[in-house]
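This report refers to the structure that appears directly beneath it.
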Amino acid sequence: MKIYSSILFCIAFIFATSVTAQQWLDKTYDFEVFPDSVYGYATNFYGGTDTLKMDIYSPICDDSSHVSRRPLLVWIHGGAFLVGDKSDNSIVNLCEEFAKRGYVTASIDYRLGFVSDEDSHECNFPNYECQFAADSAEWARAYYRSVQDAKGAIRYLINRNSGFRIDTNNVFIAGESAGAFVALGAALMDDDGERPIQTFATSDVPIPGNYALNCAYNQDVEFLGETIARPDLGFIEGTIEPSTVQYTIKGVGNMFGGMFGNLLAIDNAAVKPAIYSFHQRCDLVVLIDSGFVFQGASWCLTNGYNCFAFANNNVMLYGSRAIRNWNETNNYGYTLESDFTSVEFPYNFWFGEGSCIDQGLNVGCHGYANKALRENNLAEFFTPLITTFPICDPAIVSLVEPVQQIDFAIFPNPVNVMLSVKSEYSGLLQIRVLNPMGRIVIIDEFNYTGFAQIDLSRLPSGIYFMEMKTYFGVQVFKIVKE
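To convert a position in the sequence shown, counted from 1, into the numbering used here, add 184.
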């Protein structure tokens with residue numbers, strides 16, 4: 185009787201949860217993380233090569249047939265195109281929270297940095313000297329590189345849609361600050377007429393002055409010669425992870441970001457992505473309307489800090505209110521929700537809510553006012569756009585019997601070229617090969633169907649460790665490479 189009652193209670197719980205849960209809103213899923221997936225390589229601002237990685241968060245659901253699908257949401261960190269990475273605390277949190285809602289989410293790295301100018305700049309202001317570009321073109325070029333990377337990151341995931349069970353017709357992208365510029369660019373820039381003119385070939389510039397060598401984006405960079413070449417940055421889509429798989433970006437989350445130009449006017453997409461914008465009116469970093477790079481911060485520098493304004497920043501940026509006004513004035517037809525706070529910048533250094541000193545002593549306006557509220561608002565905005573089906577029910581997950589340890593067989597070991605991996609397991613598999621120092625030398629993930637071969641021919645002889653990660657755990661093998 186007790187067993188029967190428990191079964192009835194579980195059935196009732198599943199039914200109640202299925203009825204009351206709001207799909208894509210309620211946080212009902214567990215998730216698995218696939219870290220450090222290399223999605224491409226690209227040339228950085230000084231001519232070197234950056235290795236670009238992402239962390240993928242995949243919801244766990246009870247679907248042994250693997251027919252269910254999940255929407256994809258790519259999150260992009262901020263940092264003025266100069267600093268930051270995929271481990272940004274806010275972005276990691278957002279990836280986790282939306283994975284709990286049933287999205288496959290990803291946080292990506294992208295190319296950072298620009299060529300700093302030669303002059304010396306001093307001011308009692310954080311990272312002051314690191315925000316002077318060689319000329320205004322460097323801002324547009326840094327932005328454009330990041331948009332190319334984001335487009336490549338999306339294609340990387342789309343090309344693996346089967347393994348991650350991504351619904352390619354329901355793709356979303358969002359970002360904070362500079363990351364929001366990237367998200368809007370990746371979703372909307374699809375015509376050469378939208379490409380910033382500064383991204384074509386332009387004149388060389390001198391290498392940065394000594395003062396800028398301590399800036400984060402110049403760390404460990406060995407500048408060769410006296411100048412840095414600035415070639416054509418290539419077509420909008422970039423070269424990372426080419427794909428023939430069609431996908432649809434349904435929505436964009438713009439968290440206190442904007443655009444380098446009007447990306448609403450030219451529309452080649454079959455579906456106009458809906459845009460949610462959150463912005464504080466008193467933002468000094470990205471003005472809610474329009475202005476040059478760091479125009480608000482420069483006002484504070486020259487009206488209280490007794491410093492020079494940021495130079496070589498005369499590239500016009502268009503904030504969230506400007507985007508809204510474009511859409512309304514020109515009847516572009518985008519679905520756009522604007523979530524703006526009420527306090528305007530008072531153009532006063534010392535006094536008033538939102539003044540320079542107020543933002544310096546308190547939480548500045550370039551950020552969230554109640555992040556949890558804005559996260560929920562974004563989820564509510566995206567939900568009616570999602571047409572993903574079939575959906576797996578996360579409520580069943582808690583009733584599934586524990587899965588037995590998956591046994592993989594690897595052979596031959598020692599190995600010379602090809603290492604074979606055999607198992608009865610079928611599903612997503614991530615493989616990482618590490619050297620004895622813990623450095624990842626091979627990483628790949630794919631939809632495993634019982635047998636695979638790993639090419640080790642490029643590795644020097646020695647001892648390695650291979651991690652094989654599935655939804656159900658990680659196994660580690662010692663490999664001897666001959």
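Built from N, CA and C at the ideal position, the CB exists for glycine as well. All of these numbers come straight from a predicted model, not from anything done at the bench.
{"Asked": "Is it a yes or a no for the stretch 441 to 455 touching the stretch 406 to 421, going by three-plus beta-carbon pairs under 8 Å?", "Found": "no"}
{"Asked": "Taking the alpha-carbon positions, what's the I433 to N597 distance?", "Found": "45 Å"}
{"Asked": "Can you confirm whether the stretch 206 to 218 touches the stretch 279 to 287 when touching is taken to mean that 3 or more C-beta pairs between the two stretches lie within less than 8 Å?", "Found": "yes"}
{"Asked": "What does a CB cutoff of less than 8 Å around L236 pick up in its chain, not counting 5 residues either side in sequence?", "Found": "V222, Y223, G224, Y225, A226, I292, D293, Y294, R295, D333, G336, A337, I424"}
{"Asked": "To the nearest angstrom, report how far apart N639 and F218 are at their CA atoms.", "Found": "At residue 639 the sequence reads Asp, which differs from the Asn that was named. Computed Cα separation, rounded: 21 Å."}
{"Asked": "Does the Cβ of W534 have 16 or more other Cβ atoms within 10 Å, making it buried, or fewer, making it exposed?", "Found": "exposed"}
{"Asked": "Since R344 and S252 are thought to touch, with beta carbons under 8 Å apart, how far apart are those beta carbons, to the nearest angstrom?", "Found": "About 16 Å; that fails the 8 Å criterion."}
{"Asked": "Should T513 be labelled buried (16 or more other beta-carbon atoms within 10 Å of its own) or exposed?", "Found": "exposed"}
{"Asked": "If you draw a straight line from the alpha carbon of I627 to that of Q614, how long is it in whole angstroms?", "Found": "7 Å"}
{"Asked": "Using C-beta distances below 8 Å, list every residue in its chain close to V599, excluding the 5 sequence neighbours before and after it, in chain order.", "Found": "L640, I663, V664, K665, E666"}
{"Asked": "For a test of the three-state rule: what should DSSP assign to W259, helix, strand or coil?", "Found": "strand"}
{"Asked": "With burial defined as no fewer than 16 other Cβ atoms inside 10 Å of the residue's Cβ, what is the status of Q543: buried or exposed?", "Found": "buried"}
{"Asked": "Helix, strand or coil for D210 per DSSP?", "Found": "coil"}
{"Asked": "In chain order, what residues of the same chain have a beta carbon less than 6 Å from the beta carbon of A495, not counting five sequence neighbours either side?", "Found": "F316"}
{"Asked": "If you run the structure through DSSP and keep just helix, strand and coil, what is A290?", "Found": "strand"}
{"Asked": "Can you tell me whether Q430 is buried or exposed? The criterion is at least 16 other CB atoms within 10 Å of its CB, across all chains shown.", "Found": "exposed"}
{"Asked": "If we require 3 or more residues per run, which beta strand (DSSP E) segments fall completely within the stretch 384 to 459?", "Found": "386 to 390, 411 to 414, 433 to 439"}
{"Asked": "Starting from the Cα of K606, find the closest Cα among N619, I590, F635 and give me that residue.", "Found": "F635"}
{"Asked": "Count the CB pairs spanning the stretch 365 to 383 and the stretch 402 to 409 that are closer than 8 Å, and state whether there are at least three.", "Found": "no"}
{"Asked": "Among P255, I240, H550, M238, which has the Cα closest to the Cα of T571?", "Found": "P255"}
{"Asked": "Measuring alpha carbon to alpha carbon, tell me which residue in D301, R329, D220 is nearest T233.", "Found": "R329"}
{"Asked": "In the DSSP output, which residue or residues are listed as bridge partners for E302?", "Found": "DSSP, once it has assigned bridges, lists no residue as partnering E302."}
{"Asked": "Which residues in the same chain as L618 place their Cβ atom closer than 6 Å to its Cβ, once the five residues preceding and following it in sequence are excluded?", "Found": "I624, F649"}
{"Asked": "What do you reckon, are the CB atoms on L448 and N511 nearer than 8 Å?", "Found": "yes"}
{"Asked": "Using CA coordinates, which residue listed in V267, A264, W259, G263 is at the minimum distance from V276?", "Found": "W259"}
{"Asked": "Please report the distance separating the alpha-carbon of G646 from that of V601.", "Found": "13 Å"}
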